[in-house]
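Residue numbers (my numbering): 2 to 300. For every residue, glycine included, the Cβ atom is placed at its ideal position computed from N, Cα and C. First comes the structure, then the notes that go with it.
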Ligand code: PMP
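Shown next, in the form of structure tokens:
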């Protein structure tokens, strides 16, 4: 396993090995933490972080949902990410920001508990591997907007996602897609889903999903390459008529789906997915001026 040499913790760059976590932390016992995954890429004018401020906005929203008082401001965290990348020097990679309740309290009462912020980066290839995944429709329902603040990225929610992940892997699949209480598709364990039919992309509405930034980027970019895009309710049987299906997320970017067990088979056709992935790569690598505002240079 790769471990970063340095991390940023509460305003200081520290050695990775010097960071201590304690089992009493409310973060560990109750999932009382929030996080973001962010990518950075090489561009013609040096490295740049993709949609950094949008990720930070979501982090602060998630923290507010847990009434977590993050000490650094958004501007300070923005600078912290850049500072860490100056030290780590990888050409492309993945940044994780984790804000967590770190009070030595046995109970669930998080009010007035202290919180820490940890940032680290991991090297990741600049271009994603062109693999295809086998997916099942999970027997677990996606945790609903009636149960949680659905647009927050709270660690505790991921117990639901983990169950789907376990179910998928034990059934020989790579991913699980969750349905909502009405039986419509929501999303995968850590990614959103798109269905391609002709030149139209369809993705589930914002109701019961984490509205991913990659999903939003793809929706903005698709018309540039002649694809229409709409957010709609999608039932599992709609997948039978799909030409292509793909998943989106900061980490995987676009991931081809080769099969959804019992419903969909791509027959190795991923033309539109690959077109979009190529365009997404251009955007993230600073080669489409229209989207340069999404890139924060590491200077
Ligand atoms: N859904 C869930 C549950 C996720 O954890 C993620 C990853 N953040 C996504 C969707 C995709 O979001 P993004 O494109 O912002 O990475």
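Would you mind listing the alpha helix (DSSP H) stretches within the segment 156 to 199 that are 4+ residues and don't spill past its ends, in chain order? As far as the segment 156 to 199 is concerned, its whole alpha helix (DSSP H) runs of at least 4 residues are 159 to 171.
Distance, Cα to Cα, residue 67 vs residue 240? Numbered from 1 along the chain shown, position 66 holds the residue referred to as residue 67. Numbered from 1 along the chain shown, position 239 holds the residue referred to as residue 240. So the two alpha carbons sit approximately 36 Å from each other.
Secondary structure of residue 278, DSSP reduced to three states: Here residue 278 refers to the residue found at position 277 of the chain shown. Residue 278 falls in the helix class under three-state DSSP.
Exposed unless 16 or more other CB atoms sit within 10 angstroms - verdict on residue 371: The chain is shown from 2 up to 300; residue 371 falls before or after that span and cannot be answered.
Are the segment 132 to 145 and the segment 53 to 71 in contact at 8 Å, needing three or more beta carbon pairs? The count of Cβ pairs closer than 8 Å, one atom from the segment 132 to 145 and one from the segment 53 to 71, stays below three, leaving the stretches out of contact.
Tell me whether residue 287, by its Cβ, gets closer than 7 Å to a heavy atom of the ligand PMP. One-based indexing of the chain shown puts residue 287 at position 286. No.
Any chance you could list the beta strand (DSSP E) runs of at least 3 consecutive residues sitting entirely within the segment 52 to 131, in chain order? Fully contained in the segment 52 to 131 are the following beta strand (DSSP E) runs of length 3 or more, in chain order: 94 to 102 and 116 to 124.
Give the C-beta separation of residue 126 and residue 182 to the nearest angstrom, bearing in mind that I take them to be a contact with Cβ-Cβ under 8 Å. Within the chain shown, numbered from 1, the residue matching residue 126 stands at position 125. Within the chain shown, numbered from 1, the residue matching residue 182 stands at position 181. The Cβ separation is near 38 Å, so there is no contact.
Specify the secondary structure class of residue 298 as computed by DSSP and reduced to three states. By 1-based counting over the chain shown, the position of residue 298 is 297. It is a strand residue.
Which runs of the beta strand (DSSP E) spanning at least 3 residues fall entirely within the segment 21 to 55, listed in chain order? Assignment of beta strand (DSSP E) within the segment 21 to 55, counting only whole runs of 3 or more residues, yields 34 to 44 and 47 to 51 in chain order.
Is the beta carbon of residue 211 within less than 7 Å of some heavy atom of the ligand PMP? As a first step, residue 211 is located in the chain shown; it is residue number 210 there, counting from the start. Yes - the ligand PMP has a heavy atom lying nearer than 7 Å to the Cβ of residue 211.
If you reduce the DSSP assignment to three classes, tell me which class residue 205 lands in. Residue 205 sits at position 204 when you count from the first residue of the chain shown. Of the three classes helix, strand and coil, the one that applies to residue 205 here is strand, per DSSP.
Who does residue 249 pair with in a DSSP beta bridge? Position 248 of the chain shown, counting from 1, holds the residue named residue 249. DSSP lists 193 and 255 as partners of residue 249.
Taking 8 Å as the threshold (C-beta atoms), are residue 299 and residue 292 in contact? As a position in the chain shown, residue 292 is number 291, starting the count at 1. As a position in the chain shown, residue 299 is number 298, starting the count at 1. The Cβ atoms of residue 292 and residue 299 do not sit closer than 8 Å to each other.
Taking DSSP's pairing of strands, which residues face residue 136 in a bridge? Within the chain shown, numbered from 1, the residue matching residue 136 stands at position 135. According to DSSP, residue pairing for residue 136 in a beta bridge involves 176 and 261.
Roughly how many whole angstroms lie between the Cα atoms of residue 50 and residue 224? On the chain shown, position 49 is the one that residue 50 refers to. On the chain shown, position 223 is the one that residue 224 refers to. Between the alpha carbons of residue 50 and residue 224 lies a distance of about 24 Å.
Using the beta-carbon count (16 or more within 10 Å), is residue 166 buried or exposed? One-based indexing of the chain shown puts residue 166 at position 165. Around the beta carbon of residue 166, 16 or more other beta carbons sit within 10 angstroms, so the residue counts as buried.
CA-CA distance, residue 149 and residue 158? For the purposes of this step, residue 149 is taken as residue 148 along the chain shown, with counting starting at 1. For the purposes of this step, residue 158 is taken as residue 157 along the chain shown, with counting starting at 1. Cα-Cα distance, rounded: 8 Å.
Is any heavy atom in the ligand PMP found nearer than 7 Å to the beta carbon of residue 250? In the chain shown, counting from the first residue as 1, residue 250 sits at position 249. Taken from the Cβ of residue 250, at least one heavy atom of the ligand PMP lies inside 7 Å.
CB-CB under 7 Å to residue 145, same chain, minus the five flanking residues each way: which ones, in chain order? Working through the chain shown from its first residue, we reach residue 145 at position 144. Cβ within range, chain order: 181, 182 and 209.
Taking 6 Å as the limit between beta carbons, can you name the residues of its chain near residue 121, skipping five residues before and five after? Start at 1 with the first residue of the chain shown, and residue 121 comes out as number 120. So the list reads 5, 8 and 97, once near-sequence residues are dropped.
What do you get for residue 273, buried or exposed, if any count of 16 or more other CB atoms within 10 angstroms of its CB means buried? Start at 1 with the first residue of the chain shown, and residue 273 comes out as number 272. Counting Cβ neighbours within 10 Å, residue 273 comes out buried, since at least 16 surround it.
Taking buried to mean at least 16 other C-beta atoms within 10 Å of its own C-beta, is residue 161 buried or exposed? Looking up residue 161 in the chain shown gives position 160. The residue in question, residue 161, is buried, as its Cβ has 16 or more Cβ neighbours within 10 Å.
Please classify residue 170 as buried or exposed, where buried requires at least 16 other C-beta atoms within 10 Å of its C-beta. The residue you call residue 170 lines up with position 169 of the chain shown. Flag for residue 170 reads exposed.
Given that a residue counts as buried once 16 or more other Cβ atoms are within 10 Å of its Cβ, and exposed if not, what is residue 154? Your numbering for residue 154 matches position 153 in the chain shown. Its Cβ being crowded by 16 or more others within 10 Å, residue 154 is buried.
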